[in-house]
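This report refers to the structure that appears directly beneath it.
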Amino acid sequence: MEFTEKELTVYYKGKPQYKLNPGFIKQQEIKDIETIKELLLTHEDRCRIFEAMENTDDSVKLHVLAQEREHIEYRLQKVWGFPEDSNWHRWWEVPKCTCPKLDNYDNYPTKYRIINENCPVHGSLPKDSSIFRDILNFIKDIFSLKF
Ligand SMILES: [Zn+2]
């Protein structure tokens, strides 16, 4: 089954964002529209997370949203039929991240992550946020579960 341009386009708030990769659709032998719809919905969730990250400078919130984004990446891998593997997540491609982009591209796809300690998304949390740190660790535990 061939899908139309429109069927493969990710919309967010009524605006087209980008298109699902036709090469992946062929390679992964995706033939049913339900899988396509689930991919589009998951991408929409990713757009929602990005927007929330653009709209806050609160480091704790940014850390939590980055975890949710990781969760979305796992979900995308699962729906596409790829192995769920965090080495393939381009985790530094999020709003407000100040981790070294080129170094992380060079390491891609491996488990090695180069974190800028001052990155508001991935670096150390402010010292006065110990309660939030506990909450964040709790959320990390939940999202690292595979579904
Ligand atoms: Zn970062």
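Residues in the sequence shown are numbered from 2 upward in steps of one, following the numbering used here. Backbone N, C-alpha and C define an ideal beta-carbon position, used for all residues, glycine too.
Within its own chain, the residues whose Cβ lies closer than 6 Å to the Cβ of residue 74, once the five positions on either side in sequence are excluded, are 90, listed in chain order. Short note on residue 48: C-beta not closer than 7 Å to any heavy atom of ligand 1. In terms of Cβ geometry, residue 9 and residue 43 do not form a close pair [threshold 8 Å]. Annotation: the continuous alpha helix (DSSP H) that includes residue 68 extends over 60 to 81.
In this structure residue 123 does not touch residue 53 by the C-beta definition: roughly 16 Å separates them, more than the 8 Å allowed. Those residues whose C-beta sits under 5 Å from the nearest heavy atom of ligand 1 are, from N- to C-terminal order along the chain, 98, 100, 120, 122, 123. Out of 24, 38, 72, the CA that lies nearest to the CA of residue 11 is found in 38.
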